[in-house]
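Undergrad:
Protein chains: 2
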Amino acid sequence: MPELTLFEFRLVYNMLSLSIAAMLGSFLFFVLVRGQLPAKYHPAMVMSAIVVAIAGYHYFRIFHSWEAAYSLSGDTYIPSGKPFNDAYRYVDWFLTVPLLVTELVSVMALPGHIRKPLTAKLVIASALMIALGYPGEIASGTTRVVWGLLSTVPFVYILYVLWAELGKVVEKESDTTRVLFRNTRLLLLATWGFYPIAYLVPLLGLGANASSEVALQVGYSVADITAKCGYGIMIYHIAKSKAADEAREAVPHRAGQYAPAQ
Amino acid sequence: MPELTLFEFRLVYNMLSLSIAAMLGSFLFFVLVRGQLPAKYHPAMVMSAIVVAIAGYHYFRIFHSWEAAYSLSGDTYIPSGKPFNDAYRYVDWFLTVPLLVTELVSVMALPGHIRKPLTAKLVIASALMIALGYPGEIASGTTRVVWGLLSTVPFVYILYVLWAELGKVVEKESDTTRVLFRNTRLLLLATWGFYPIAYLVPLLGLGANASSEVALQVGYSVADITAKCGYGIMIYHIAKSKAADEAREAVPHRAGQYAPAQ
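Protein chains in written order, with this note's numbering: chain H, 79 to 340; chain G, 79 to 340.
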């Protein structure tokens with residue numbers, strides 16, 4: 079761990095605390111608004127809630143690990159000797175990433191024979207992606223490159239399933255729902271794009287200094303808040319849009335029943 | 079306690095934290111999806127939630143006991159002198175194992191005169207199994223063997239009740255439900271199989287070194303996550319399958335009411 083200025087240490091410290099608060103806030107949102115949606119959208123909301131609860135737990139641990147890893151000496155934060163446990167992030171992703179991809183399938187409320195194989199493929203591929211990344215994370219040089227490349231294979235497969243296979247299913251949705259679905263998928267791609275960049279940092283010889291450590295921790299926090307809280311809110315909007323479409327198609331006296339209270 | 083390398087200590091550390099997160103996530107799952115099932119399946123979901131809540135508490139304690147039992151000296155984790163309290167596991171099983179076997183009876187939603195005696199037998203046998211195992215756990219040699227054998231008697235009786243007595247009751251369920259029930263029972267047998275193996279480790283003279291201690295802690299964590307979170311999710315699927323069967327059999331205008339959103 080590099081020595082940090084007061085500003086650098088506190089920036090990470092406060093970003094980690096912001097992450098805990100964002101996970102808590104969005105957990106409450108997903109639990110509390112669930113009842114406004116038809117029952118078939120509840121599983122997606124439950125998964126969103128579980129994802130941010132698990133992430134909140136891990137940010138709580140990361141926060142305390144960060145605090146314990148440094149001690150203040152004059153105007154500088156110096157390593158205390160206690161290791162900073164970044165592996166919490168991998169444990170978190172191992173649990174939450176399969177749930178995140180499942181959410182996107184779940185909110186489409188597809189028939190079981192389409193939903194189940196799609197979910198199985200995405201869950202297995204995403205757990206593999208994280209599991210193959212970890213041996214590279216704790217290594218350097220060629221080992222890191224090899225595991226990184228292995229981990230890229232399931233990542234590309236996930237993109238294929240989300241674009242080619244799930245994309246087809248969405249074509250019959252209304253315009254609003256389709257646009258929301260596409261934006262959610264792009265949000266997922268954009269935020270997930272940060273993780274491989276962070277993974278490459280030590281390979282480019284940028285990992286040992288203060289500013290890259292700070293950039294990494296801040297970047298991870300922003301990526302996690304976007305990919306979990308923001309993504310969950312997008313999923314909620316897809317559910318609301320689909321429910322409104324269905325209400326319009328339903329018998330007249332029921333029309334508008336599930337229309338969002340806008 | 080043996081000395082551990084950085085990798086060994088952290089592997090156990092992160093597995094224990096993963097267990098806490100898994101218990102938390104599945105607790106929320108059981109609580110939040112309960113409402114989607116008919117009321118007669120709520121007791122099974124409540125039991126699943128209680129099991130993982132109790133296990134989450136114990137993993138929290140085990141995590142902090144593990145952390146306190148070691149201190150970092152250079153590149154090695156050496157015993158700090160504080161004992162690692164593995165007895166948390168027995169306390170956990172004493173409370174959760176009777177609940178786990180009760181869950182499987184409960185989700186079958188049997189009439190009281192069949193359910194109550196089955197539950198009573200399984201609860202008493204499973205509490206006995208754990209209680210008889212503990213005196214052997216803290217002993218070695220012949221004492222360990224004798225208590226281990228005594229503990230096996232109720233274990234075999236539980237298997238008899240689950241296969242012979244509960245098995246009969248399930249014959250009239252639909253194909254899907256029967257397959258789910260059988261898989262759940264096999265999951266229970268497979269995961270429970272780890273505990274006697276772990277119990278035998280010191281008898282085979284394998285207990286004192288680092289790699290067997292690490293294997294034991296990782297194995298316990300994986301077995302507990304599978305036997306509690308995974309098993310609870312299987313129980314949920316049995317409930318969903320039974321509810322769907324019942325909806326199909328019900329009067330036409332109610333058909334599909336409880337059909338899972340497949």
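A virtual CB, placed ideally from N, CA and C, is assigned to each residue, including glycine. Note that this is a predicted model, so its numbers are computed, not measured.
Between which two residues does the beta strand (DSSP E) harbouring L281 (chain H) extend?
TA: As a first step, residue 281 (chain H) is located in the first sequence; it is residue number 203 there, counting from the start. Premise fails: L281 (chain H) is in no beta strand (DSSP E) and is neither H nor E.
Undergrad: In the structure shown, what three-state DSSP assignment does S149 (chain G) receive?
TA: On the second sequence, residue 149 (chain G) is found 71 positions in, with the first residue counted as 1. Of the three classes helix, strand and coil, the one that applies to S149 (chain G) here is strand, per DSSP.
Undergrad: By the three-class DSSP mapping on this structure, what secondary structure does L82 (chain H) have?
TA: Sequence index remark: in the first sequence, residue 82 (chain H) carries index 4 (1-based). Residue state for L82 (chain H) is assigned as strand, using DSSP reduced to three classes.
Undergrad: Please report the residue range of the beta strand (DSSP E) in which T154 (chain H) lies.
TA: The count along the first sequence starts at 1 and reaches residue 154 (chain H) at position 76. In the DSSP assignment, T154 (chain H) falls within the beta strand (DSSP E) that extends over 154–157.
Undergrad: Please go through the same chain and pick out, in chain order, the residues whose beta-carbon is closer than 6 Å to the beta-carbon of S299 (chain H), but skip the five residues on each side of it.
TA: On the first sequence, position 221 is the one that residue 299 (chain H) refers to. Correct list, in chain order: M93, S97.
Undergrad: Where L282 (chain G) and R222 (chain G) are concerned, what is the direct C-alpha to C-alpha distance, given to the nearest angstrom?
TA: Stepping through the second sequence from its first residue, residue 282 (chain G) is reached at position 204. Stepping through the second sequence from its first residue, residue 222 (chain G) is reached at position 144. Going by the C-alpha atoms only, they are around 12 Å apart.
Undergrad: Counting only beta-carbon separations shorter than 9 Å, does R139 (chain H) have a partner in chain G?
TA: One-based indexing of the first sequence puts residue 139 (chain H) at position 61. Yes, because at least one Cβ of chain G sits closer than 9 Å to the Cβ of R139 (chain H).
Undergrad: For V90 (chain G), which residues in chain H fall below 8 Å Cβ to Cβ?
TA: Here the question's residue 90 (chain G) lines up with position 12 in the second sequence. Simply none; closest approach about 12 Å.
Undergrad: Kindly list, in the order they appear in chain G, the residues whose Cβ is closer than 9 Å to that of I128 (chain H).
TA: Along the first sequence, read from residue 1 onward, the residue named residue 128 (chain H) stands at position 50. Against chain G, a Cβ distance below 9 Å from I128 (chain H) picks out L102, G103, S104, L106, F107, L110.
Undergrad: Straight-line CA distance for L106 (chain G) to V129 (chain G)?
TA: Locating residue 106 (chain G) in the second sequence gives position 28, counting from the first residue. Locating residue 129 (chain G) in the second sequence gives position 51, counting from the first residue. Going by the C-alpha atoms only, they are around 12 Å apart.
Undergrad: DSSP state of G134 (chain H), grouped into three classes?
TA: Within the first sequence, numbered from 1, the residue matching residue 134 (chain H) stands at position 56. Residue state, collapsed to three classes: helix.
Undergrad: What would DSSP say about G271 (chain G), mapped onto helix, strand or coil?
TA: By one-based count along the second sequence, residue 271 (chain G) stands at place 193. Three-state result, G271 (chain G): coil.
Undergrad: In chain G, which residues lie less than 9 Å from L173 (chain H) when you measure between Cβ atoms?
TA: Your numbering for residue 173 (chain H) matches position 95 in the first sequence. Going along chain G in sequence order, the residues near L173 (chain H) (Cβ under 9 Å) are L96, A99, A100, G103.
Undergrad: Starting from the Cα of L266 (chain H), find the closest Cα among H:G310, H:V247, H:E249, H:A242 and give me that residue.
TA: Taking the first residue of the first sequence as position 1, residue 266 (chain H) is located at position 188. For L266 (chain H), the closest alpha carbon among the candidates H:G310, H:V247, H:E249, H:A242 is that of H:G310.
Undergrad: Exposed or buried, P232 (chain H), counting other C-beta atoms within 10 Å across all chains shown (16 or more means buried)?
TA: To locate residue 232 (chain H), count along the first sequence from 1; it is residue 154. Per the 10 Å Cβ criterion, buried.
Undergrad: Check distances from the C-beta atoms of the segment 270–298 of chain G to those of chain H and list, in chain order, the residues that come in under 7 Å.
TA: none
Undergrad: Is A85 (chain G) close to chain H, meaning its C-beta is less than 9 Å from at least one C-beta of that chain?
TA: Residue mapping note: residue 85 (chain G) aligns to position 7 of the second sequence, counting from 1. Per the sequence shown, the amino acid found at residue 85 (chain G) is Phe instead of Ala. Closer than 9 Å to some Cβ of chain H, the Cβ of F85 (chain G) qualifies, so yes.
Undergrad: Measure the CB-CB distance between S158 (chain H) and Y166 (chain H) and report whether it falls below 9 Å.
TA: One-based indexing of the first sequence puts residue 158 (chain H) at position 80. One-based indexing of the first sequence puts residue 166 (chain H) at position 88. Going by C-beta atoms, S158 (chain H) is not nearer than 9 Å to Y166 (chain H).
Undergrad: Where does A100 (chain H) sit, in a helix, a strand or coil, going by DSSP?
TA: Indexing the first sequence from 1 puts residue 100 (chain H) at position 22. Helix at A100 (chain H).
Undergrad: Report yes if the CB atom of E86 (chain G) is closer than 9 Å to the CB atom of S289 (chain G), and no otherwise.
TA: Locating residue 86 (chain G) in the second sequence gives position 8, where the first residue counts as 1. Locating residue 289 (chain G) in the second sequence gives position 211, where the first residue counts as 1. In contact: E86 (chain G) and S289 (chain G) (Cβ atoms closer than 9 Å).
Undergrad: To the nearest angstrom, how far is it from the Cα of D153 (chain H) to the Cα of L84 (chain H)?
TA: Taking the first sequence and counting its residues from 1, one reaches residue 153 (chain H) at position 75. Taking the first sequence and counting its residues from 1, one reaches residue 84 (chain H) at position 6. Using only the alpha carbons, I get a separation of about 6 Å.
Undergrad: Under 9 Å between the Cβ atoms of M207 (chain H) and L244 (chain H)?
TA: Looking up residue 207 (chain H) in the first sequence gives position 129. Looking up residue 244 (chain H) in the first sequence gives position 166. No.
Undergrad: Would a check of beta-carbon distances place I311 (chain H) closer than 9 Å to chain G?
TA: As a first step, residue 311 (chain H) must be located in the first sequence, where it is residue number 233. For I311 (chain H), the answer is no, since every Cβ of chain G falls outside 9 Å of its Cβ.
Undergrad: DSSP three-state call for Q340 (chain G): helix, strand or coil?
TA: Against the second sequence, residue 340 (chain G) aligns to sequence position 262. Low confidence applies here, because Q340 (chain G) scores a pLDDT of 45, under 50, leaving its location unreliable; read the following figure in that light. Coil, per DSSP.
Undergrad: When the cut-off is 9 Å and only beta carbons count, does A333 (chain G) lie next to chain H?
TA: Stepping through the second sequence from its first residue, residue 333 (chain G) is reached at position 255. For A333 (chain G), the predicted model reports a pLDDT of 48, less than 50, meaning its position is unreliable; a value from the coordinates is still stated below. It does not: the Cβ of A333 (chain G) has no partner Cβ on chain H nearer than 9 Å.
Undergrad: Can you pull the chain G neighbours of I132 (chain H), defined as C-beta to C-beta under 8 Å?
TA: Numbered from its first residue, the first sequence carries residue 132 (chain H) at position 54. Ordered by position in chain G, the residues that pass the 8 Å Cβ test against I132 (chain H) are A99, L102, G103.
Undergrad: Label A242 (chain G) either buried or exposed according to how many other C-beta atoms from any shown protein chain fall within 10 Å of its C-beta, with 16 as the threshold for buried.
TA: For this step, residue 242 (chain G) is matched to residue 164 along the second sequence. Classification of A242 (chain G): exposed, given that the 10 Å Cβ count is below 16.
Undergrad: Go through its chain and collect everything with a Cβ distance to W171 (chain G)'s Cβ below 6 Å, but skip five positions before and after it.
TA: For the purposes of this step, residue 171 (chain G) is taken as the residue at position 93 of the second sequence. Cβ within range, chain order: I208.
Undergrad: For a contact meaning CB atoms closer than 7 Å, what does Y166 (chain H) contact in chain G?
TA: Locating residue 166 (chain H) in the first sequence gives position 88, where the first residue counts as 1. S95, listed in chain order.
Undergrad: Does K320 (chain H) come within less than 9 Å of chain G when only Cβ atoms are used?
TA: Here residue 320 (chain H) is taken as the residue at index 242 of the first sequence, counted from 1. For K320 (chain H), the answer is no, since every Cβ of chain G falls outside 9 Å of its Cβ.
Undergrad: Straight-line CA distance for A328 (chain H) to G308 (chain G)?
TA: Position 250 of the first sequence, counted from the first residue, corresponds to residue 328 (chain H). Position 230 of the second sequence, counted from the first residue, corresponds to residue 308 (chain G). Whole-angstrom Cα-Cα distance: 38 Å.
Undergrad: Please list the partners that Y135 (chain H) has in chain G, where partner means a Cβ-to-Cβ separation under 9 Å.
TA: Residue numbering aside, residue 135 (chain H) sits at position 57 when the first sequence is read from its first letter. Result: S95, I98, A99, L102, G103.
Undergrad: What number of angstroms, rounded off, separates the C-alpha of K246 (chain G) from the C-alpha of E251 (chain H)?
TA: Position 168 of the second sequence holds residue 246 (chain G). Position 173 of the first sequence holds residue 251 (chain H). Roughly 47 Å between the two C-alpha positions.
Undergrad: According to the Cβ coordinates, are I316 (chain H) and F272 (chain H) closer than 9 Å?
TA: Taking the first residue of the first sequence as position 1, residue 316 (chain H) is located at position 238. Taking the first residue of the first sequence as position 1, residue 272 (chain H) is located at position 194. Not a contact, by the Cβ cut-off of 9 Å.
Undergrad: Assuming contact is defined by CB atoms lying nearer than 9 Å, are R263 (chain G) and L173 (chain G) in contact in what I supplied?
TA: What you label residue 263 (chain G) is simply residue 185 of the second sequence in a count that begins at 1. What you label residue 173 (chain G) is simply residue 95 of the second sequence in a count that begins at 1. No, the pair does not count as a contact, with Cβ atoms beyond the cut-off.
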